[in-house]
Structures are given as structure tokens and as C-alpha cells.
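Under my numbering, think of the first position of the sequence shown as 151, with each following residue one higher.
A quick write-up on the structure given underneath.
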Amino acid sequence: MTDYKQQVANDLLEIGAVKFSPEEPFTWASGIKSPIYTDNRMTIGFPSVRQNIYKGLSELIKKEYSDVEIIGGVATAGIPHSAWVAEELNKPMVYVRSKPKNHGAGRQTEGALVKNRKVVLIDDLISTGGSVLAAVNAVRKEGASVLGVVSIFSYELPAGKKNFVEAGLTFNSLTTYSQLIETAVKRGNLNKSQVETLQNWKENQMLGKHNKKAHQR
151 MTDYKQQVAN DLLEIGAVKF SPEEPFTWAS GIKSPIYTDN RMTIGFPSVR
201 QNIYKGLSEL IKKEYSDVEI IGGVATAGIP HSAWVAEELN KPMVYVRSKP
251 KNHGAGRQTE GALVKNRKVV LIDDLISTGG SVLAAVNAVR KEGASVLGVV
301 SIFSYELPAG KKNFVEAGLT FNSLTTYSQL IETAVKRGNL NKSQVETLQN
351 WKENQMLGKH NKKAHQR
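Pasting the structure below:
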């Protein structure tokens, strides 16, 4: 059986979707300064990479949420992956906008009817969980039972875990911040000093030593 956690971590590094800059941290849209930046939108441009992702997500869903009835994608980055997963699992699909349309029927969820159905939502990454939990609420308002959330990557931020607990929901990711660092070390992408900086950043997040603003994805 393929170790998709390891494979996807390697894939993200191979295509440059993950960038490390411990010496000059990236500034996220929220204002948080981070030694890592992840752009999973790049994955759709690489057939072998996206195949590993949708197959890995499909296996994860079958393992964690075996009674799923509908696959949902969170706009915009989660939509292509949810389409491939829905095809792989032979399930109906929906996608969820960030807000309802301001014309026509004013829908926020498009695709299959979700009322009284069991749904799993897919996003490209989880940090605090803000956008995907907003999508969860939108689908729940339409009468769906949301079983959980899956993503390609998780920053493993305490705020994200806390927000999911408060929402009464679980989430699972194909690969994580810790896995990426481990894989990058094996590939020779990081030196000892850089690894220490990256690990310290994660520990500071655990201790709450970060910008009060939160990355809302």
C-alpha cells in the first residue's frame, strides 16, 4: 500500500509548492510571520501529483468516514480535488462558495442535494480552519450531516484544532507541517539551523506566541 503521507509530502517539495524561509519569514495575508509557505494550488498542474492526492484523500475518506454519501469541495482550492475524489469513490459532489450568490437563486452550495445526506468536505490546507468551517456551517444550514473534513496539508496549529473541537467536528490531512520538515531533511533541503527555526516556530504556536490575527483557511 502506498504511503500517501510520505509521498504527498515529497511531491509538494518536488514541485515547489512548499517554500521554506526560516531566515526571512513569509508574511501571510493575516499578518502572521511564518517560516513556511504552502501553495497547494500548484498541484493541479502535475498529473502524477494530483493523482497521488486524490487517491490518498479517497483512502483517507474510506478509512475515517466510510459512510459518506456526498463529497464536497470548498471554493476554490478544494473544488478540483473534490471532483477527482468524487469520481474515484463514485459519489455525488457539491462545492461550497465562500458566500451565497447575490443573484439568481442565491445559492451557496451547488451540485447534489445535501439535505439529510452525509457529507465530507475537502480543502487544500488547514491552518485555523476558518474558511472550511464556514463552509461546514453553510452545508449544515441546508440540512446535511457533515461527517468531517479532509485536506492535503495541515499546519497543525492549536487554533485549528480548537476551532474544530468547538465545531464538534474532526479533520484529517494527507500530510502535515511535521511530515514536511521530516521529508525536507531527508531530501537535504534544510540544514540543522533551519530545522531548529522551523521547530521553534511550531513550538511557539503551541505556546500561543504568535500574532493575534489568524490565517483564515
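Note that beta-carbon positions come from the ideal geometry of N, C-alpha and C, so glycine has one too.
Where does residue 215 fall in DSSP's three states? To locate residue 215, count along the sequence shown from 1; it is residue 65. Looking at residue 215 - three-state DSSP - the assignment turns out to be coil, as it is neither helix nor strand.
Unbroken alpha helix (DSSP H) run spanning residue 289, endpoints: Counting from one through the sequence shown, the residue named residue 289 turns up at place 139. Per DSSP, residue 289 belongs to the alpha helix (DSSP H) from 280-291.
Does the count of Cβ pairs from the segment 337-356 and the segment 158-172 closer than 8 Å reach three? yes
Proximity test, residue 296 beta-carbon vs the ligand MG heavy atom, cut-off 7 Å: Of the ligands one can find in the structure shown there are none, so the ligand MG has no counterpart to examine.
Closer than 6 Å by C-beta to residue 177: which residues in its own chain qualify, once you throw out the five before and the five after it? Chain order, please. The residue labelled residue 177 in the question sits at position 27 within the sequence shown. 183.
Helix, strand or coil: how does DSSP classify residue 300 here? In the sequence shown, the residue the question calls residue 300 occupies position 150. Note: residue 300 maps to strand in three-state DSSP.
Beta carbon of residue 300, beta carbon of residue 269: below 8 Å? Here residue 300 refers to the residue found at position 150 when the sequence shown is read from its first residue. Here residue 269 refers to the residue found at position 119 when the sequence shown is read from its first residue. No, they are not a contact pair.
Report yes if the CB atom of residue 271 is closer than 8 Å to the CB atom of residue 285, and no otherwise. Counting from one through the sequence shown, the residue named residue 271 turns up at place 121. Counting from one through the sequence shown, the residue named residue 285 turns up at place 135. Contact flag set, yes.
Name the DSSP bridge partner or partners of residue 188? The residue given as residue 188 occupies position 38 in the sequence shown. 168, per the DSSP bridge assignment.
Do residue 298 and residue 214 count as a contact pair if the criterion is CB distance below 8 Å? Here residue 214 corresponds to residue number 64 of the sequence shown, with the count starting at 1. Here residue 298 corresponds to residue number 148 of the sequence shown, with the count starting at 1. Yes, the pair counts as a contact, with Cβ atoms nearer than the cut-off.
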